[in-house]
Amino acid sequence: MLDIRYLRDNLDEAEARIKSRGEGYTLAGFRDLDEKKRKLLYANEALKAEKNRFSDEIAKVKDKSSVQPQIEAMRATSQLIKQQDEELKQLDEELRMFLLTVPNLPGAATPLGRSEADNVEIRRWGTPPTPDFSPKPHWEVGEALRILDFETGAKLTGARFTLYRGAGARLERALANFMLDLHTGEHGYMEMLPPFMVNRDSMTGTGQLPKFEDDLFKMEGMEYFLIPTAEVPITNIHRDEILKGGDLPIRYVAHTPCFRKEAGSYGKDTRGLIRQHQFNKVELVAFSRPDDSCAEMERLLGNAERVLQLLGIHYRVMALCSGDIGFSAAQTYDIEVWLPGQQTFREISSCSNFGDFQARRAGIRFRDGEKGKPEFVHTLNGSGLAVGRTVVAILENYQQADGSVIIPLPLRPYMGGMERITL
RNA sequence: GGAGAGAUGGCCGAGAGGCCGAAGGCGCUCGCCUGCUAAGCGAGUAUAUUGGGAAACCGGUAUCGAGGGUUCGAAUCCCUCUCUCUCCGCCA
Numbered sequence: 054m055l056d057i058r059y060l061r062d063n064l065d066e067a068e069a070r071i072k073s074r075g076e077g078y079t080l081a082g083f084r085d086l087d088e089k090k091r092k093l094l095y096a097n098e099a100l101k102a103e104k105n106r107f108s109d110e111i112a113k114v115k116d117k118s119s120v121q122p123q124i125e126a127m128r129a130t131s132q133l134i135k136q137q138d139e140e141l142k143q144l145d146e147e148l149r150m151f152l153l154t155v156p157n158l159p160g161a162a163t164p165l166g167r168s169e170a171d172n173v174e175i176r177r178w179g180t181p182p183t184p185d186f187s188p189k190p191h192w193e194v195g196e197a198l199r200i201l202d203f204e205t206g207a208k209l210t211g212a213r214f215t216l217y218r219g220a221g222a223r224l225e226r227a228l229a230n231f232m233l234d235l236h237t238g239e240h241g242y243m244e245m246l247p248p249f250m251v252n253r254d255s256m257t258g259t260g261q262l263p264k265f266e267d268d269l270f271k272m273e274g275m276e277y278f279l280i281p282t283a284e285v286p287i288t289n290i291h292r293d294e295i296l297k298g299g300d301l302p303i304r305y306v307a308h309t310p311c312f313r314k315e316a317g318s319y320g321k322d323t324r325g326l327i328r329q330h331q332f333n334k335v336e337l338v339a340f341s342r343p344d345d346s347c348a349e350m351e352r353l354l355g356n357a358e359r360v361l362q363l364l365g366i367h368y369r370v371m372a373l374c375s376g377d378i379g380f381s382a383a384q385t386y387d388i389e390v391w392l393p394g395q396q397t398f399r400e401i402s403s404c405s406n407f408g409d410f411q412a413r414r415a416g417i418r419f420r421d422g423e424k425g426k427p428e429f430v431h432t433l434n435g436s437g438l439a440v441g442r443t444v445v446a447i448l449e450n451y452q453q454a455d456g457s458v459i460i461p462l463p464l465r466p467y468m469g470g471m472e473r474i475t476l
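At position 125 of the first sequence (counting the first as 1) the number is 178 in my numbering, and the numbers step up by one without a gap.
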């Protein structure tokens, strides 16, 4: 949510910055609505002040019958106030919905651009493997080793669900544990295990609602939603709280399943693990002081990159352009791993700085000392990493000519010492 | 699923139609005092929104779990909902 006072004072600038996301976003109508509401509010509060004054006076009067005519008059005033309250409520709701559907302003560090094609490569790490055979896509590797079973996943549930078997299931678990240990042990994050369903307030706080309800799985007959990412429950931990300035930055890590409808991606990535309705992810979330969020962003990105570096997998970092960043984000870096089986880079992590956009929606503030003014924190998060896609990266990068897959060194303790997955 | 109890400021806790944005305590901040520490004394200590002001600040309104109702007036009375706790049943 944008600052309503910023919008009042800088509407043209805000409009221009929103437009850099692409067409379809406009702030038209805001000014009229806002002024209409404030005008009514002013009249309404004047009436209430009068009512309060009168009520105070009548409390002191012993003989109530002597002020009977005034009481009659106030009864009418009360009715009028009630009517205005009703109108105000509607205007407020209209204004609120408007504000909740306006995306964040792209930050200064975000390159301008229209689409994915305008994203800027920041750096590459490592080198792609150079096998002397033709590497296969992970679904072929996984099926041949009988560690990924897409057919049974479809039988159990449907398309975009997968059954992991044996060493495949173990690999997923090993990766999650490896990442959690790294982030808690070396990067200073506190591990959290949140509910996998959240309510409407939480979804609104991080920006999934009200605009993107179609992307979410919702419980039948209940206002609960399956989380599309741990970002939602973890960021909302501090919803409607005023944190101590000295406690910032706060860093949490959580390993959770993520549930996404993937509406609108029919026919895309239908094979393999890349696009599933359910997948696991280790998510990094940070709450920082506004001045520190840029540095925190780089730190968080580095923490995510570290996972791939330790696993020895080639990747590149992309700065997403204004036309490609998500609704709530001011700035986003994607980490893309090299997938030799598909001869392409694929997103494995997305790290974003939301500025105060989520904090304002969710009411997450901090205060210095005891008498400082509460101020909105900045929120950040990033995958560290998407576990399923890391399995993909390992299968494709560490596959051998004989169809087996070497297990990267740091993972072996988590695999009970296993060095290689064979049939 | 059945029965009951509760929800008040950073925390504890009073209040039972007007004198209540809310006693008292704890905590915290500032000042005083005392070789240090502890104790003591004094003052202060919510949030949002809106109007005025360059600002310091001043005023209005709202907020006692949420929403509705009664009333000139509600933390207080009535209704609905949510959440928490206790007991019983069921259950990983």
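Ideal placement from N, C-alpha and C gives every residue a C-beta, glycine not left out.
Taking the alpha-carbon positions, what's the residue i to residue j distance?
i, j, result
"residue 37", "residue 195", "The chain is shown only over 54 to 476; residue 37 falls outside these bounds and no answer can be derived."
"residue 211", "residue 410", "36 Å"
"residue 302", "residue 420", "13 Å"
"residue 362", "residue 464", "13 Å"
"residue 372", "residue 351", "12 Å"
"residue 87", "residue 69", "19 Å"
"residue 447", "residue 144", "54 Å"
"residue 28", "residue 203", "Nothing can be reported for residue 28: it is not among the residues displayed for the chain, which extend from 54 to 476."
"residue 312", "residue 177", "30 Å"
"residue 349", "residue 435", "11 Å"
"residue 245", "residue 308", "8 Å"
"residue 131", "residue 102", "11 Å"
Kindly indicate the opening and closing residues of the beta strand (DSSP E) around residue i.
i, result
"residue 432", "431-439"
"residue 310", "303-312"
"residue 370", "368-372"
"residue 400", "397-406"
"residue 295", "294-297"
"residue 245", "243-245"
"residue 174", "173-178"
"residue 249", "Here residue 249 belongs to no beta strand (DSSP E), and DSSP marks it neither H nor E."
"residue 279", "277-279"
"residue 419", "417-420"
Between which residues of its own chain and residue i is the CB-CB distance below 7 Å, once the five residues before and five after are set aside?
i, result
"residue 379", "385, 405"
"residue 264", "154, 380"
State buried or exposed for residue i, treating a residue as buried only when at least 16 other CB atoms are found within 10 Å of its CB.
i, result
"residue 375", "buried"
"residue 66", "exposed"
"residue 429", "buried"
"residue 396", "exposed"
"residue 163", "buried"
"residue 228", "buried"
"residue 81", "exposed"
"residue 444", "buried"
"residue 475", "exposed"
"residue 232", "buried"
"residue 19", "With the chain covering only 54 through 476, there is no way to say anything about residue 19."
"residue 175", "exposed"
"residue 259", "buried"
"residue 139", "exposed"
Ignore the nearest five residues each way along the sequence and tell me which others in residue i's own chain have a CB closer than 6 Å to its CB.
i, result
"residue 243", "305"
"residue 293", "416"
"residue 124", "none"
"residue 257", "none"
"residue 179", "367"
Would a C-beta distance cut-off of 8 Å place residue i and residue j closer than the cut-off?
i, j, result
"residue 399", "residue 460", "no"
"residue 356", "residue 441", "no"
"residue 287", "residue 336", "yes"
"residue 214", "residue 331", "yes"
"residue 230", "residue 467", "yes"
"residue 382", "residue 172", "no"
"residue 370", "residue 353", "no"
"residue 437", "residue 360", "yes"
"residue 273", "residue 252", "no"
"residue 190", "residue 456", "no"
"residue 408", "residue 346", "yes"
In chain order, what residues of the same chain have a beta carbon less than 8 Å from the beta carbon of residue i, not counting five sequence neighbours either side?
i, result
"residue 185", "454"
"residue 192", "201, 203, 324, 325, 326"
"residue 55", "67, 152, 155, 157, 158, 410, 413"
"residue 114", "120"
"residue 74", "156, 159, 375, 376, 378"
"residue 238", "none"
What are the boundary residues of the alpha helix (DSSP H) that includes residue i?
i, result
"residue 331", "Unbroken run through residue 331 is the beta strand (DSSP E), 331-341; no alpha helix (DSSP H)."
"residue 143", "121-153"
"residue 85", "83-113"
"residue 235", "219-238"
"residue 59", "57-62"
"residue 388", "Run containing residue 388: none in the alpha helix (DSSP H); it sits in the beta strand (DSSP E), 384-392."
"residue 465", "No alpha helix (DSSP H) holds residue 465; DSSP gives it neither H nor E."
"residue 286", "284-288"
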